[in-house]
Amino acid sequence: MLAIISNSDNPDMREYFSCKFDLNINGDIHFYSSSPESFKNEDILTSTKVKKNKISVNIFFDFSIICQMLKDFRKKKIKYILFDNVHVANVFQILIFKAFGYRIISTIHDYVPHPGSKSIFIAIYNRVFIHFLSDWIIAFSKKFTSKKNVSYVCLGGIDHQFSPNDGHSRKYIFFNGRLESYKGMEHLPKIQSFLAKHHPNKTLLVAGSGYLPNKEYLESCINVQVHNSFISETELNNYFDNSLLTILPYNHATQSGVLIRSFSRGVPVVAFDVGSLGEYVCHGENGFISEQNNLVEFCNHIDRAILSYDHLSYNTKKIFQQKFSKSAFITQYQSFINILKRDKN
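Start counting the sequence shown at 4; every next residue gets the next number (the working numbering).
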């Protein structure tokens, strides 16, 4: 009935893709990936030779793969083809599969593209291949609307790993992820100054690869620790397990993988109210939402989060299991699959 395709080689996207394997109870969902060797599931077939999300000569080898996929679709009586993420290889596949009469389902991650080198491609992709060519859309935010059929699920699907470390043993206020211009890094010096004055025993931890403005200044501060390079999974988990909260002083966002990862470790979040972050942070329960660019309010919320860590951490774990855990995600996604099964079009 359904083919799910993930052409992205991004580790987070692979994890999001793999959590759907548990949906295949009756054998009517089939999986295709750019990296089938990355999974233990032996039934996954190759979907593309384009490993990186940009045009390359490998795109021409995809036509033979597409022909093989079409044969496989007919054999397995596929009706719907779901694209799990945005990727340049999707462009040709959607056009060809649509021409062969298959119904296209697209997952929209960034309904408003982040500023950056890929923003134009994503904006065009969203308008043409999601809004126009797709028959159904999966979205992670109620702020996304379309004239097409839309099903909403919460971004999530990862297993929780809650650390037993209590608040007294945690010292970090954690800013992490790929360092992009839209993530509000210009606010970090003022956040550092606030912590130095009000919580001198806490450390602002800035971790991630990319350009870091004010890097020399931040590295000179005794209450700042900078890890300006790729972070391994082990290092990331260790940082979370020693953090009181994660901060997202973003200027722009849709949803956030950093936020979900933080919740999965039981770490509350303080964030500006941008994009759909307010749909994921329950104010006063698993963190605090601050008015965009109101840094005074943001710092006050950091203060409140530190002082009420036990309450926030308890609720962060509880809400994660209810809304964002793998089992919760499977329940939400299964509801969408059931709708497809009832669809007569």
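Here a beta-carbon is modelled for each residue, glycine too, at the ideal position from N, C-alpha and C.
Keeping to the same chain, check which residues put their C-beta closer than 8 Å to that of N179; ignore five residues upstream and five downstream. Close CB contacts of N179 within its chain, under the 8 Å cut and outside five residues either way in sequence, are with L208, V209, A210, G211, I234, L239, Y242, T249 and V261 (chain order).
Enumerate in chain order the residues of its own chain whose CB-to-CB distance from N230 is below 6 Å, with the five nearest sequence positions on each side excluded. Looking at the sequence itself, residue 230 is His, so the reference to Asn does not match. Cβ neighbours of H230 beyond the five flanking positions: A210.
Pick from I125, L198 and N245: whose alpha carbon is nearest that of N370? Residue 370 lies beyond the residue range present for the chain, which begins at 4 and ends at 348; the question has no answer from this structure.
What does the Cβ neighbour count give for I47, buried or exposed, with the cut at 16 atoms within 10 Å? Around the C-beta of I47, 16 or more other C-beta atoms lie within 10 Å, and the residue is accordingly described as buried.
In angstroms, rounded to a whole number, what distance separates the CA positions of S38 and H90? Taking the Cα positions, S38 is about 14 Å away from H90.
Looking only at its own chain, which residues have a Cβ that is under 6 Å from the Cβ of G290, when we skip the five neighbours before and after it? Contacts found: P271, V272, V273 and V284.
On the criterion of 16 or more Cβ atoms from any shown chain inside 10 Å, does V53 qualify as buried, or is it exposed? Classification for V53: buried.
If you count every other CB in all the chains shown that lies within 10 Å of the CB of P252, and 16 or more means buried, which is it? So P252 ends up on the buried side.
CA-to-CA distance, Q325 to H304, given in whole angstroms: Cα-Cα distance, rounded: 24 Å.
Length at least 3, wholly inside the segment 277 to 345: the beta strand (DSSP E) runs in chain order: Correct list: 290 to 293.
Pick from T206, D244 and G187 that is closest to N217, judged by C-alpha positions: Of the candidates T206, D244 and G187, G187 places its Cα closest to the Cα of N217.
Going by beta carbon distance, what residues of the same chain come within less than 8 Å of S316, once the five residues before and after it are set aside? Counting only Cβ-Cβ distances below 8 Å, and skipping sequence neighbours, we find G170, G269, V270 and P271.
Going by CA-CA distance only, name the one from I322, Q195, S246 and N297 that's closest to E282. Closest in C-alpha terms to E282, from the list I322, Q195, S246 and N297, comes I322.
Among R106, C157 and G159, nearest to I133 - alpha-carbon criterion: Among R106, C157 and G159, the Cα nearest to that of I133 belongs to R106.
Where L262 falls: helix, strand or coil (DSSP): In the structure shown, L262 sits in a helix (DSSP, three-state: H, G or I).
Kindly indicate which residue of L136, S50, K80 and Y83 has the alpha-carbon position closest to the one of S67. Per the Cα distances, S50.
L247: which of N204, N44 and P14 sits nearest, CA to CA? Looking at the Cα atoms, N204 is the closest of the given residues.
Element boundaries [alpha helix (DSSP H), containing T237]: Annotation: the continuous alpha helix (DSSP H) that includes T237 extends over E236 to D244.
Which same chain residues, not among the five before or five after Y336, have their C-beta less than 7 Å away from its C-beta? Non-local beta-carbon contacts of Y336 in its own chain, meaning distances under 7 Å to residues more than five positions away in sequence, involve K23, L26 and V156 in chain order.
Range covered by the alpha helix (DSSP H) that runs through H201: Counting along the chain, the alpha helix (DSSP H) containing H201 begins and ends at L191 to H201.
N93, buried or exposed, once every other Cβ within 10 Å from all chains shown has been counted against 16: By the 10 Å Cβ count, N93 comes out buried.
Quick one, are the C-beta atoms of S109 and S137 less than 7 Å apart? Yes; because the gap between Cβ atoms is below 7 Å, this pair is in contact.
Are there 16 or more other CB atoms within 10 angstroms of the CB of C70, so buried, or fewer, so exposed? Per the 10 Å Cβ criterion, exposed.
In angstroms, rounded to a whole number, what distance separates the CA positions of F103 and T237? In this model, F103 and T237 are separated by some 45 Å (Cα to Cα).
Check whether the Cβ atoms of S166 and D244 sit closer than 7 Å, and answer yes or no. In this structure, D244 lies closer than 7 Å to S166 by Cβ.
Residues that A142 bridges to, as DSSP identifies them: Per DSSP, I111 and Y155.
First and last residue of the uninterrupted beta strand (DSSP E) at I69: Counting along the chain, no beta strand (DSSP E) covers I69; the unbroken alpha helix (DSSP H) around it starts and ends at D65 to K78.
Pairwise C-alpha distance: L280 and H202: Their backbone Cα atoms lie some 26 Å apart in a straight line.
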